[in-house]
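Numbering (this note's numbering), first residue to last: 508 to 935. Even for Gly, the Cβ is constructed at its ideal location relative to N, Cα and C. None of the values given here were measured: they were computed from a predicted structure. Everything below concerns the one structure shown next.
Now the structure itself:
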């Protein structure tokens, strides 16, 4: 019997690129998604008998394009679409789009995925719709996963995605990276979308594995292009720095058997020091270019972790100050959670727990498992073992990633959570 073909791997690594190319070709998000899935279904039927194509992506894009043409030929509006069909048939489907030149720094942009993210982040769409559509198309998340990320019902998110696609179609939003004079109005949303894609790779919403390195690599690659398009924008550099600093720890974050490893227990020899060096340099540059933005502040915090020789050498008091500035400038309950965790390290578990209790009472993070994981650690450190166990169980019930759930189960099964840094588990 022949060995199974790696269709799952091809889907994981190539689907976002295939979908972006198909959206360019057919000009319709829903049709592109449908025919892409049809092409993968055809691959499941044909590849086992014929073997893996020399260029699987090219095969899938071409197959999907032919299926789109077949669908259109069956459509009663076929005659009105003949000119469009001719264009589809003539265009080389598997290649990236031709280059766009004309940005202020003469950077050539020839990337369907970058075009896709700028299309998703058009200012005609609401910000929540921009981010959700990017996670759907570029990140490959399901509607259920995106709904969990935004803490809204699945039906609400499904309607939001449908309306966003309809808006792009009816408004004739062009599928391209905008010219230089229009970049500014979209860059904030693009950076937010890239950060969400990176975070999904850094700590997957669901599934058996904690990491999705393909998404992290894709977000970093696209962030580099955005930095090249807007070299004077410090927040773009700050985001790239933050991604590089977090991703540099990837090899140490998961054990050889796929289990999550806390920050203070990671083997720092596995950290990518070259990548950290680049991230630190970008952080310093971003901080010097004006008032620190959200990503630059978070990168500065990550840089302090990177620069510490070991966990004990971490400058927690400076981290508390940076989180304080982040919360003052860009308030969010997750930033407050991270600050509370840092306060517990710098000034004691009782003070950290007091801040976490305030957050818990407010209810904004009632569905966020990391709040309860942090409370469990502080409670255990203060000797309140039974309360800590209850908080671990709350965290377990809310966690949707299998690796995180296994980590929490080990904590529940242990005699009591060890003395450790609660912030180290706050993956995002």
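Just reading off the alpha helix (DSSP H) that residue i is part of, what are its end residues?
i: residue 847; result: 840-854
i: residue 702; result: 687-709
i: residue 744; result: 741-754
i: residue 650; result: 650-657
i: residue 884; result: 876-888
i: residue 641; result: 634-644
i: residue 529; result: 514-533
i: residue 899; result: 892-905
Using CA atoms only, rank isn't needed, just tell me which of the options is closest to residue i.
i: residue 911; options: 723, 653, 716; result: 716
i: residue 818; options: 771, 854, 724; result: 771
i: residue 542; options: 517, 558, 579, 519; result: 579
i: residue 816; options: 549, 773, 647; result: 773
i: residue 892; options: 919, 907, 873; result: 919
i: residue 734; options: 743, 727, 726; result: 743
i: residue 575; options: 656, 536, 555, 886; result: 536
i: residue 547; options: 571, 560, 538, 634; result: 571
i: residue 714; options: 833, 647, 885, 551; result: 647
Just how far apart, CA to CA, sit residue i and residue j?
i: residue 905; j: residue 877; result: 9 Å
i: residue 754; j: residue 736; result: 23 Å
i: residue 729; j: residue 776; result: 28 Å
i: residue 915; j: residue 718; result: 17 Å
i: residue 581; j: residue 720; result: 40 Å
i: residue 762; j: residue 768; result: 6 Å
i: residue 921; j: residue 898; result: 14 Å
i: residue 860; j: residue 847; result: 7 Å
i: residue 659; j: residue 751; result: 30 Å
i: residue 792; j: residue 741; result: 8 Å
i: residue 765; j: residue 708; result: 15 Å
i: residue 759; j: residue 844; result: 24 Å
i: residue 629; j: residue 534; result: 15 Å
i: residue 853; j: residue 671; result: 45 Å
i: residue 738; j: residue 811; result: 25 Å
i: residue 652; j: residue 795; result: 37 Å
i: residue 565; j: residue 528; result: 10 Å
i: residue 756; j: residue 677; result: 44 Å
Measuring from the CB of residue i, is there a heavy atom of the ligand FMN at a distance below 8 Å?
i: residue 680; result: The model on display carries no ligand, and the ligand FMN is accordingly not part of it.
Look up residue i in the DSSP assignment and say whether it is helix, strand or coil.
i: residue 768; result: coil
i: residue 831; result: helix
i: residue 761; result: strand
i: residue 556; result: helix
i: residue 714; result: strand
Are the C-beta of residue i and some C-beta of chain D separated by less than 9 Å?
i: residue 731; result: No chain D is part of this structure, which consists of one protein chain only.
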